[in-house]
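Colleague:
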Amino acid sequence: MNNETVYNPSEIESKWYQYWLEQKHFASTPDEREPYTVVIPPPNVTGVLHMGHMLNNTIQDVLVRRARLLGYNACWVPGTDHASIATEAKVVARLAEQGIDKRTLTRETFLKHAWDWTHEHGGIILEQLKRLGASCDWDRTAFTLDEDRSRSVIKVFCDLYESGLIYRGVRIVNWDPKAQTALSDEEVIYREEHSKLYYLRYNIEGSDDFLTIATTRPETIMGDTAVCVYPEDPRYQQYIGKHAIIPIVGRAIPIIADEYVDREFGTGCLKVTPAHDINDYNLGQKHNLETIDIFNDNGTLNEKGGAYAGMDRFDVRRKIAQDLQTAGLLIKEEDYTNKVGCSERTQVPIEPKLSMQWFLKMEELAGPALEAVEKDEVRLIPAKFKNTYRHWMENVKDWCISRQLWWGHRIPAYYLPQGGFVVAPTPEEALEKAKKETGCPSLTLADLREEEDCLDTWFSSWLWPITVFGDIDDKDNKELNYYYPIEVLVTAPDILFFWVARMIIAGYRYRGQRPFRDVYLTGIVRDAQGRKMSKSLGNSPDPLNLIEKYGADGVRVGMMMATSAGNDLLYDESLLEQGRNFCNKIWNSYRLISNWQADASAKPGEANLLAVEWFRHRLAEALLEIDDLMSKYRISEAMTVAYKLYRDDFSAFYLEAIKPPFGAPMDAQTLAATHHYLEVLLQTLHPFMPFITEELWQDMAPRKAGETIMYTRMPKLEEPNKELLSTVAAAREVITQVRNVRTTHNIARAESLTLQCGKGHPAMADCLITKLAGATCTPLASSTEGGSSATFIVGTVSYAIPIDSYIDKGALREKLEADLKHQQGFLMGVRKKLSNERFVSGAPQAVVDLERKKEADALARIATLEKQLKDLE
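Shown next as structure tokens:
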């Protein structure tokens with residue numbers, strides 16, 4: 001170890017991470033130990049590290065490193081997700097920059113470009129996680145679209161299809177016009193937008209009467225196939241069964257009645273557009289209405305849009321409002337605030353669209369997964385998320401699993417020449433099925449048309465805890481049987497249904513058991529204003545820059561101090577600075593200890609004996625508390641206990657209590673105990689601060705080649721001596737008070753004080769008080785006659801320190817009188833402000849209250865100063 005006074009993390013971090021990799025310290029293979037398995041929530045293969053990843057992966061690393069210290073066979077599996085929509089969008093954008101339109105390419109050519117992109121950009125985020133200290137078994141790195149994972153995805157699709165749980169049909173789906181693919185309900189986020197409500201005139205056929213209909217989407221009127229009113233609404237009963245004329249379009253549509261209509265919204269009349277609204281679609285099915293799809297896949301209007309064909313939907317909205325106004329068919333417009341569904345991936349408003357898609361029936365599958373969480377077979381941490389989970393699972397809808405993309409797992413369906421299709425894992429098996437299905441043995445693969453759509457990305461990641469260890473149906477897989485189920489999943493609440501619930505479903509379906517015991521749900525990293533960090537807001541720092549500035553250990557400590565399960569983290573860079581400062585504290589306290597020399601012949605003094613005994617029990621107390629907190633996933637609190645244990649108890653108190661005079665050696669017994677305590681402290685801090693703890697542990701004593709702190713074992717927990725801890729705690733407070741007296745009265749540290757101690761004083765700790773406070777303990781005098789004393793109380797015990805001989809009364813009186821004069825002047829200023837009626841009545845109440853507090857504080861200070869001056873007489 002060098003003798004630098006400031007810890008320099010960059011060189012040390014790269015050195016030890018490379019060492020861990022070379023020694024395969026993160027690797028895990030099945031053995032006789034109990035496994036502790038964690039799988040990384042696979043980030044997008046094209047992604048880069050952001051603050052949310054930093055938080056999530058720090059928590060995982062803390063859990064995994066602690067498990068190793070507790071003797072578990074810890075296995076943390078890394079990997080990435082192929083992210084169909086996001087990755088395909090990036091590849092399409094790059095091709096466009098090169099002047100290439102995806103539509104001009106064959107599927108095979110496009111996929112070659114996609115794989116090139118993935119090989120070029122994929123895995124960057126995993127390399128960045130190494131800078132953070134992530135101790136993943138990198139040899140196990142998986143990818144949701146690699147051959148091993150793909151094989152299981154296709155098998156699962158075929159199994160679910162054969163079981164009657166997957167079907168193909170025309171349904172209203174959430175359509176993303178930018179990505180040009182269907183989305184599941186869970187991939188739609190709702191944003192509040194300021195829109196307009198357009199009141200349109202629908203004339204009654206053969207009459208001068210008309211109905212006024214309010215809509216936020218006038219661009220869809222070409223797809224209207226009915227007007228609907230409430231059956232018992234007296235305003236409209238006479239029109240039921242008649243026809244209304246769609247404004248501008250001129251087409252007559254029936255007026256129907258249904259209790260679905262909300263009489264209080266708008267005018268109580270509803271335009272029905274079955275192809276472009278899920279509720280309208282249901283009405284259309286119920287009333288046997290025509291369905292007219294007016295949109296192209298890219299959000300422009302098709303030929304059924306008439307004069308507006310080819311225009312973007314939002315351009316049509318503006319244009320048709322003008323045309324309706326000109327035609328006298330727009331009665332009025334109103335400002336209106338509503339929730340608009342947007343694609344989570346591309347951020348554009350989705351378009352409800354009638355489309356042929358593949359669906360997975362969810363109701364039957366959801367049952368065991370709901371029961372597992374209700375009965376705490378799978379524990380959600382914090383438990384408050386059980387309500388959210390229950391609501392989703394009790395109202396689960398069929399999952400639209402097909403996507404109109406090429407980057408992903410291609411759906412293993414093959415269409416027959418005369419209609420119909422077969423589903424099979426391979427083209428060869430599909431051909432055999434097709435021959436049997438058609439009764440035509442001469443069929444060839446060229447006669448079959450393979451499905452163009454691919455599967456939703458989540459359809460692969462819901463198998464992640466299983467497929468990272470092997471095939472979904474490999475019952476004799478030694479690794480899968482050993483590592484599964486995993487111990488804990490650390491993830492964000494916003495994918496509780498997307499991913500967590502679906503993994504639980506898959507676990508019970510394909511392994512007959514839960515996929516994990518616990519789900520630790522992190523919060524969202526927000527800035528000081530409470531805003532979610534994002535590139536668009538420019539409020540998200542670059543994690544790698546932070547690691548460069550504060551060191552990985554400093555960043556980890558700062559992040560962990562500010563977070564708890566399920567609660568958002570308010571990011572404050574000062575916390576990272578605090579983490580860096582803590583590293584320096586550890587570094588310098590180690591330098592102090594390492595410079596101490598042992599004297600084998602010396603006997604430990606009374607203070608050393610007591611300090612060593614006390615810290616043994618304080619350490620035991622803290623380790624028990626940390627163990628309890630970690631078992632409850634109160635990781636931030638556990639980190640804080642470890643932080644204070646080292647900073648306050650070990651460094652600030654224990655080392656001071658045992659420190660020998662400058663240049664003098666230390667008795668060997670105390671130094672040996674101190675080295676032992678330091679080693680346990682480094683083990684305790686290692687999960688949170690892996691780099692500096694490895695560096696110092698390696699430097700403490702000669703180590704064998706390949707040794708590491710991460711595979712040492714934590715000491716056995718013991719019960720602490722509460723009475724001893726209480727005694728020393730009281731003594732520490734006494735020491736603090738004595739030091740305060742020195743500061744207040746400007747008494748030099750070299751001056752020995754007499755500390756008069758009242759009844760109940762813990763005399764066994766007098767040696768520490770004498771050494772650390774420079775005070776000799778005596779019984780409290782019955783009278784204080786003959787001079788002034790500084791007094792204080794600790795607990796119920798009274799203390800006094802005669803101070804006359806240490807005080808320059810003239811200098812002290814001068815100082816107190818100057819302070820008194822300042823306080824009186826300050827009080828006059830405050831009272832002048834408070835006597836101003838205009839200020840008191842016009843200023844905010846909080847400001848007035850603050851001035852009154854200033855007045856009270858000044859009065860209290862003046863009273864204290866006057867008493868101190870009187871005592872000097």
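Start counting the sequence shown at 1; every next residue gets the next number (the UniProt record's numbering). Cβ atoms here follow ideal geometry from the backbone N, Cα and C, with glycine treated the same way.
1) If you reduce the DSSP assignment to three classes, tell me which class residue 899 lands in.
2) Leaving out the 5 sequence neighbours to the left and right, which residues in its chain are closer than 7 Å to M630 when beta-carbon positions are compared?
3) Please classify I547 as buried or exposed, where buried requires at least 16 neighbouring CB atoms within 10 angstroms.
4) With 16 as the cutoff for other CB atoms within 10 Å, does P42 come out buried or exposed?
5) Could you pull the start and end residues of the beta strand (DSSP E) that T791 belongs to?
6) Please list, in chain order, all residues of the same chain as A863 whose beta carbon is under 6 Å from its beta carbon, the five residues on each side excluded.
7) Can you grab the Cα-Cα spacing for the pair K853 / A846, in whole Å?
8) So does the segment 201-213 actually touch the segment 276-291, counting three or more Cβ pairs closer than 8 Å?
9) Taking only the alpha-carbon atoms, compute the straight-line gap between Q868 and M828 and give it to the nearest angstrom.
10) Any idea if T784 is buried or exposed, counting beta-carbon neighbours within 10 angstroms, 16 or more meaning buried?
11) I need the DSSP call for G79, collapsed to helix, strand or coil.
12) Measuring CA to CA, which of K821, G842, N44, T743 is closest to L859?
13) Which of helix, strand or coil does DSSP assign to G842?
14) Select from V797, A790, T754 the residue whose C-alpha is nearest the C-alpha of C777.
15) When the Cα atoms are used, what is the spatial distance from A372 to K722?
16) Using C-beta distances below 6 Å, list every residue in its chain close to T467, excluding the 5 sequence neighbours before and after it, in chain order.
17) Please work out which residues of its chain come closer than 7 Å, Cβ to Cβ, to D31, disregarding the five sequence neighbours upstream and downstream, and give them in chain order.
18) So, helix, strand or coil for P690, using DSSP?
19) How is W358 classed by DSSP in three states: helix, strand or coil?
20) Hey, does E147 have any beta-carbon neighbour from chain C nearer than 8 Å?
21) Which ranges does the alpha helix (DSSP H) cover as unbroken runs of at least 4 residues, wholly within the segment 95-166, from first to last along the chain?
22) Who pairs with A598 in a beta bridge, going by DSSP?
23) What runs of the beta strand (DSSP E), each 3 residues or longer, lie entirely inside the segment 358-397?
24) Leaving out five residues on either side along the sequence, give the residues of the same chain with a beta carbon under 7 Å from the beta carbon of V525.
25) Tell me, please, which residues DSSP counts as bridged to N194.
26) Could you pull out every residue in the same chain whose Cβ sits closer than 6 Å to the Cβ of L645, ignoring the five residues on either side in sequence?
27) Using the beta-carbon count (16 or more within 10 Å), is M356 buried or exposed?
28) What would DSSP say about K854, mapped onto helix, strand or coil?
29) What whole-angstrom Cβ distance do A244 and Y199 have, given they're in contact under 8 Å?
30) Using alpha carbons as the reference points, say which of T712, T46, L21, M666 lies closest to P687.
31) Leaving out the 5 sequence neighbours to the left and right, which residues in its chain are closer than 7 Å to A600 when beta-carbon positions are compared?
32) Closest to L111 by C-alpha separation, out of T215, E625, L725, T87, would be which residue?
33) Taking all protein chains shown into account, do 16 or more other C-beta atoms lie within 10 angstroms of the C-beta of Q823, making it buried, or fewer, making it exposed?
34) Between the alpha carbons of residue 878 and K178, how many angstroms are there, rounded?
35) State the start and end residues of the unbroken beta strand (DSSP E) segment that holds R517.
36) Report the option in A327, D262, E219 whose CA atom is closest to the CA atom of N302.
Modeller: So, from the data block:
1) Because the chain in this structure spans residues 1 to 873, residue 899 falls outside the shown range and cannot be described.
2) R66, A638
3) buried
4) buried
5) 789-794
6) none
7) 10 Å
8) no
9) 21 Å
10) Confidence at T784 is low in this model, with a pLDDT of 49, below 50, so its placement is unreliable and no value can be given for it.
11) strand
12) K821
13) helix
14) T754
15) 41 Å
16) R149, S152
17) N73
18) helix
19) strand
20) No chain C is present in this structure, which holds just one protein chain.
21) 107-121, 124-132, 147-162
22) M666
23) 379-381
24) M51, G52, L55, M533, L569, Y571
25) According to the sequence shown, residue 194 is His rather than Asn. BP columns for H194 point to T337.
26) A622
27) exposed
28) helix
29) No, A244 and Y199 are not in contact; Cβ-Cβ is about 14 Å, not under 8 Å.
30) T712
31) A668
32) T87
33) buried
34) Any answer about residue 878 is impossible in this case: the structure gives the chain only from 1 up to 873.
35) 516-521
36) E219
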